[in-house]
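S.K.: So the protein lines, in turn, are chains A and B.
With my numbering applied, the first sequence corresponds to residues 1 to 137, in that order.
With my numbering applied, the second sequence corresponds to residues 1 to 137, in that order.
Even glycine gets a Cβ: it sits at the ideal position worked out from N, Cα and C.
Take this structure first; my questions come after.
Protein chains: 2
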Amino acid sequence: MKPIEILNQRNLKRTSCREGIIELVMNAGEALSENEIRERLQGNYDRTTFYRSFKTLEEHGILHKIVVDNLLVKYALDKTVTNLDDHAHFYCQECQTVRCLENIPVTRFQLPEGYQDVATEVLIKGTCATCKKQQGS
Amino acid sequence: MKPIEILNQRNLKRTSCREGIIELVMNAGEALSENEIRERLQGNYDRTTFYRSFKTLEEHGILHKIVVDNLLVKYALDKTVTNLDDHAHFYCQECQTVRCLENIPVTRFQLPEGYQDVATEVLIKGTCATCKKQQGS
DNA sequence: AATTCATTTGCAACAATGTTGCAAATATAG
DNA sequence: CTATATTTGCAACATTGTTGCAAATGAATT
Numbered sequence: 001m002k003p004i005e006i007l008n009q010r011n012l013k014r015t016s017c018r019e020g021i022i023e024l025v026m027n028a029g030e031a032l033s034e035n036e037i038r039e040r041l042q043g044n045y046d047r048t049t050f051y052r053s054f055k056t057l058e059e060h061g062i063l064h065k066i067v068v069d070n071l072l073v074k075y076a077l078d079k080t081v082t083n084l085d086d087h088a089h090f091y092c093q094e095c096q097t098v099r100c101l102e103n104i105p106v107t108r109f110q111l112p113e114g115y116q117d118v119a120t121e122v123l124i125k126g127t128c129a130t131c132k133k134q135q136g137s
Numbered sequence: 001m002k003p004i005e006i007l008n009q010r011n012l013k014r015t016s017c018r019e020g021i022i023e024l025v026m027n028a029g030e031a032l033s034e035n036e037i038r039e040r041l042q043g044n045y046d047r048t049t050f051y052r053s054f055k056t057l058e059e060h061g062i063l064h065k066i067v068v069d070n071l072l073v074k075y076a077l078d079k080t081v082t083n084l085d086d087h088a089h090f091y092c093q094e095c096q097t098v099r100c101l102e103n104i105p106v107t108r109f110q111l112p113e114g115y116q117d118v119a120t121e122v123l124i125k126g127t128c129a130t131c132k133k134q135q136g137s
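This is the structure:
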């Protein structure tokens, strides 16, 4: 599905900023940070605009946010767009990329009495295949 | 084990700030943020001192860091102090507390070919038992 | 095409979190 | 008590994110 269709489907105005973000994230193959998106996106948008766009796109189930430690925030397409289940994420400590591990579903954990879960985040940190090879180990 | 012993054991100088942090985190029953620690700790320490203390204590396996979304950072005792295995964490969206779920170990996931894991973080978000009751649902 | 109106954008200002360099203070060993 | 390496506090700065408000823009209507 095209960015424009995704926006129309949710009654969101199609601005060049939103379109561009969706387009980029769609074709990236990895989650992208605000900075990475700004670098690759033509048309210099204000930081405020980006933050508000991310928020809107997230609230409408177009993007999902992955946070590594603090301060490193990345975005990927949401499951309502990709039709994938909740999955784990992999953060490569070498190249700082975040990838969705679509084959590793997030299982529901047995919580203590009285606890109710709403969402579960699984973040695996390590070295990705590409960086592993380059280490020539 | 007492804070002083923990510090001595690792050849770290026992300063009142480090001692205080360990003492607090030890008796808190939940993970504490920089702000929470500062509020409860006598002796006004500089923010810089806290950040450097956390870093030192983390590097020496005394504390471990739990990050919720971005910007919310909490600390709890590390497994090298508690002798517990890696475990999941629960973040209550109502009272903003973070608790270690010692009974929910973090399992190793089967990664794609070539990927190597170093650490895995499992954060479950929802409502804790206390807040659940108060909602009177 | 032009008009209208709600939404979105850019700007400025601000807040929170975290880092770095450096001089003064402090912990520990001798 | 002294010497020395470590730690602390301060100032300055960087980054990330938010808010209010006026200007610009998207999309529906004429």
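Using CA coordinates, which residue listed in A:77, A:91 and A:92 is at the minimum distance from residue 85 of chain A?
M.R.: As a first step, residue 85 of chain A is located in the first sequence; it is residue number 85 there, counting from the start. Nearest of A:77, A:91 and A:92 to residue 85 of chain A, Cα basis: A:77.
S.K.: Once the 5 residues before and after residue 108 of chain B are set aside, which same chain residues still bring their CB inside 8 Å of it?
M.R.: As a first step, residue 108 of chain B must be located in the second sequence, where it is residue number 108. The residues are 117 and 120.
S.K.: Quick one: measure Cβ to Cβ for residue 99 of chain A and residue 36 of chain A, integer angstroms, because I've assumed they're closer than 8 Å.
M.R.: Position 99 of the first sequence, counting from 1, holds the residue named residue 99 of chain A. Position 36 of the first sequence, counting from 1, holds the residue named residue 36 of chain A. Their Cβ separation, rounded to whole angstroms, is 14 Å, which puts residue 99 of chain A and residue 36 of chain A out of contact at 8 Å.
S.K.: Below 8 Å between beta carbons: does that hold for residue 104 of chain B and residue 87 of chain B?
M.R.: Mapped onto the second sequence, residue 104 of chain B falls at position 104. Mapped onto the second sequence, residue 87 of chain B falls at position 87. Against a cut-off of 8 Å, the Cβ pair of residue 87 of chain B and residue 104 of chain B comes out as a contact.
S.K.: Tell me which residues share the same chain as residue 66 of chain A and place their Cβ nearer than 6 Å to its Cβ, disregarding the 5 neighbours each side in the sequence.
M.R.: Within the first sequence, residue 66 of chain A is the residue found at index 66, counting from 1. So the list reads 31, 74, 89 and 98, once near-sequence residues are dropped.
S.K.: Take the Cβ of residue 4 of chain A as the centre, count every other Cβ of all protein chains shown within 10 Å, and call the residue buried at 16 or more, exposed below.
M.R.: The residue labelled residue 4 of chain A in the question sits at position 4 within the first sequence. Exposed, by the Cβ-count rule.
S.K.: With 16 other CB atoms within 10 Å as the buried threshold, where does residue 128 of chain A fall?
M.R.: For the purposes of this step, residue 128 of chain A is taken as the residue at position 128 of the first sequence. So residue 128 of chain A counts as buried.
S.K.: If you reduce the DSSP assignment to three classes, tell me which class residue 25 of chain A lands in.
M.R.: Here the question's residue 25 of chain A lines up with position 25 in the first sequence. If DSSP states are grouped into helix, strand and coil, residue 25 of chain A belongs with the helices.
S.K.: When we look at the beta-carbon of residue 92 of chain B and count the other beta-carbons within 10 Å, is it buried (16 or more) or exposed?
M.R.: Here residue 92 of chain B refers to the residue found at position 92 of the second sequence. Buried, since its Cβ has 16 or more Cβ neighbours within 10 Å.
S.K.: Which term fits residue 18 of chain B, buried or exposed, when burial requires 16 or more other beta carbons within 10 angstroms of its beta carbon?
M.R.: Here residue 18 of chain B refers to the residue found at position 18 when the second sequence is read from its first residue. Flag for residue 18 of chain B reads buried.
S.K.: Which of the three DSSP states, helix, strand or coil, is assigned to residue 127 of chain B?
M.R.: As a working note, residue 127 of chain B is residue 127 in the second sequence. Residue state, collapsed to three classes: strand.
S.K.: Got a sec? Which residues, its chain only, sit under 7 Å from residue 102 of chain A by beta carbon, not counting five neighbours each side?
M.R.: Numbered from its first residue, the first sequence carries residue 102 of chain A at position 102. Excluding sequence neighbours, residue 102 of chain A sits near 84 and 87.
S.K.: If the criterion is Cβ atoms closer than 8 Å, does the pair residue 64 of chain A and residue 12 of chain A meet it?
M.R.: Position 64 of the first sequence holds residue 64 of chain A. Position 12 of the first sequence holds residue 12 of chain A. Going by C-beta atoms, residue 64 of chain A is not nearer than 8 Å to residue 12 of chain A.
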